[in-house]
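Some notes on the structure that comes next.
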Amino acid sequence: MKLRKHYCFFTELQIIDKSIGSQMQGRVEMCLLTWLKLTQRVREKHEANGVLQRWRRANSGFLEELKQGNLERECIEEICDYEEAREVFEDEDTTKQFWLTYERRDPCLDNPCQNNATCIYMRTSYQCLCPEGFAGQYCETVVEDLLKCLYQNGHCEHFCDGSGERSKCSCADGYKLGANGRQCIAQVEYPCGRLAPQKTDLNQSVVGQTRLVGGNHCPKGACPWQVLVQLHGDSHCGGVLINPDWVVTAAHCIHGNNPQNLTVVAGEHNLDVEEGTEQRIPVAMAIAHEGYVPETGDSDVALLKLIRSVALDRHAIPVCLPTADFARQELLLSRYHTVSGWGKKTTGGNKEPGATHAAPLSPILRKLSVPIIQNSQCSHRAQFNFTHNMLCAGYLEGGQQSCRGDDGSPLVTLYGSTHFLTGVVGWGRGCSHPGYYGVYANMANFVEWVRGIMTTAANENPPEKVHYTDCI
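Take the sequence shown: its position 106, counted from the start at 1, is 117 in this note's numbering, and no numbers get skipped.
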């Protein structure tokens, strides 16, 4: 089909006659009639494409096609394409000249980026360089809102709750949230997880140092949450003070023993010397986790309720209990953790199968910095299956593990300026033997159980589904 020269479409009206006059109605009718005739003859899609010489522009509806092209409306207030520019100038050469400058127009002049982001012009496009804390094509997304607690712990000093629309900070017992909603401010003289200032030889007050070297002695007051658990007055296991009335230890330390024969010693440092800082308090109740399996060591965690409260001082301070999410998302990702104890292979356990000798005993409390190892690596070397309730930590070369803590002693993680309980010493296969690591109960899986037991006891209701020792 050969098209006649006077064929028109709506965009042609402004080319035929730039003014809208009294003859406009007739012109519109002529165009519509022409279009109807064409549509009767053009049936295939590819034929229709051959008829249409230009795309119909659509800025503000049907009547837009009856308006003369406007440069400000088409290409300044909005982004135009080549055809829309052609309709403005109605001349091919003029349009091409304009298009050479318009196509290279720097989009960063108007800076489409948000939140003080930097716009970088890349010839044919642009990119927004986002400031810290923002993401997205235009840096429109707040990363904190996107990741909530996964991004720098929500900027919380202690705990972050991301269950709501926005993250929310909270603090360990003995602290309150600061005015900024992130900082944790101590409300008691000896808050959990904080070392008390210590006096130097020059009578200058400094905070106790926690820099760790394998096998170093732990200075007095530098491991104030470490306690000794005695059986019939003899050293039996280690433990960790979590508040003035409760101690966490290993379940195998109380298995088969009458709680009336157990005593907790807080403020202990040198087992051979009475230093005047010791507080000996009998145990009122011993509760092992109901999932504890003696044969495998699974769920090797227990709680000791004291007859009276420990008097807190610089030598006896509780460690902080984390939340489960905080332990998994923050504490366990730390590079190093601290285990403390006297290194004795106690009667409570911590015995290598077939061993005939005792591990070295240090009368003075010691501490060791250890990394957490993947359970699969530990399982391969120890040749037994680890459970998700266990942690593995230590060094492949051995040696340093000779000063490993007593069973029930704490594995503690420093987060900011606060120490949190990460694990409890379970057992180790030859403390100084190369190729083996120490095994710990993973406290991330037990903190809710611990809190539940303490809450139940505070309400004077007997705890449910717990395993008591033989005195029951």
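Ideal Cβ placement from N, Cα and C applies to all residues, glycine included. This one's a predicted model, so the numbers in the text were calculated from it and none came from an experiment.
Residue i burial status per 10 Å Cβ neighbour count (16 or more: buried)
i      : result
Gln215 : Only weak support is given to the placement of Gln215: the predicted model assigns it a pLDDT of 40, under 50, and the value that follows is read from those uncertain coordinates. Exposed is the call here.
Arg177 : exposed
Ala404 : buried
Ala313 : buried
Asn164 : buried
Gln108 : exposed
Arg377 : buried
Ile328 : buried
Glu58  : Unreliable placement is indicated for Glu58, whose pLDDT of 45 sits below 50; the coordinate value is still reported in the next sentence. By the neighbour-count rule (16 or more Cβ atoms within 10 Å), Glu58 is not buried but exposed.
Pro270 : buried
Arg97  : buried
Ala128 : buried
Ile292 : buried
His348 : buried
Ser246 : buried
Gly173 : buried
Ala322 : exposed
His300 : buried
Ala207 : buried
Cys198 : One point to set straight first is that residue 198 is Gln, not Cys, in the sequence displayed. Classification of Gln198: exposed, given that the 10 Å Cβ count is below 16.
Asp417 : buried
Residue i - partner residues in DSSP beta bridges
i      : result
Ile384 : Cys403
Asn227 : Lys378
Cys130 : Cys139
Trp460 : DSSP output for Trp460 lists no bridge partner at all.
Trp257 : Asn254 and Lys316
Thr349 : Ser380 and Val423
Gln290 : Ala277
Met296 : Lys316
Tyr186 : Ala197
Ser246 : Gln241
Asp324 : Ala327
Phe145 : Val153
Phe170 : Ser181
Thr429 : Tyr426
Val304 : Asp309
Backbone CA spacing between residue i and residue j [nearest angstrom]
i      : j      : result
His263 : Asn453 : 15 Å
Val153 : Ile318 : 51 Å
Lys187 : Cys119 : 46 Å
Leu158 : Gly144 : 10 Å
Gly302 : Thr260 : 15 Å
Ala183 : Leu332 : 7 Å
Gly147 : Gln125 : 10 Å
Ile383 : His228 : 21 Å
Ala233 : Gly204 : 11 Å
Asn510 : Thr307 : In the structure as shown, the chain starts at 12 and stops at 483, and residue 510 therefore has no counterpart that could be examined.
Ser310 : Val284 : 35 Å
Phe100 : Met133 : 29 Å
Thr288 : Trp353 : 17 Å
Asn470 : Tyr149 : 54 Å
Thr334 : Ile375 : 32 Å
Ala455 : Phe431 : 11 Å
Val450 : Trp460 : 20 Å
His11  : Glu200 : The structure shown has nothing for residue 11, since the chain only spans 12 to 483.
Arg462 : Val330 : 14 Å
Cys248 : Tyr406 : 23 Å
Thr274 : Gln388 : 37 Å
Leu213 : Arg392 : Unreliable placement is indicated for Leu213, whose pLDDT of 43 sits below 50; the coordinate value is still reported in the next sentence. Whole-angstrom Cα-Cα distance: 49 Å.
Ser373 : Gly185 : 33 Å
Ile131 : Leu344 : 36 Å
Ser351 : Cys139 : 50 Å
Asn400 : Leu342 : 16 Å
Cβ shell of residue i (< 7 Å), same chain only, five flanking positions each side left out
i      : result
Gly192 : Cys180
Asn272 : Leu242 and His243
Glu286 : His280
Asn396 : Ser390
Met465 : Trp257
Arg486 : Since the first and last residues shown for the chain are 12 and 483, residue 486 lies out of range.
Ile196 : Tyr186, Lys187 and Gly189
6 Å Cβ shell around residue i - same chain, five flanking residues per side excluded
i      : result
Asp256 : Leu317 and Ser320
His326 : Gly232, Pro235, Gly278 and Thr288
Lys151 : Checking the sequence shown, residue 151 turns out to be Glu, not Lys. Once the five neighbours on either side are set aside, the close Cβ partners of Glu151 are Gln125.
Phe170 : Ser181, Thr334 and Phe337
Asn386 : Phe397 and Cys403
Gln194 : Glu168
Sequence-distant residues of its chain with Cβ nearer than 8 Å to residue i (five each side left out)
i      : result
Val304 : Ser310
Gln340 : Cys160, Leu161 and Asn164
Asn254 : Asp184, Cys203, Pro329 and Met465
Val435 : Val251, Val259, Thr260, Ala261, Asp311, Val312, Gly419, Ser420, Pro421, Leu422, Tyr451, Ala452 and Met454
Residue i at chain C interface by Cβ criterion, 8 Å
i      : result
Ala327 : Of the protein chains in the structure, only one exists, and it is not chain C.
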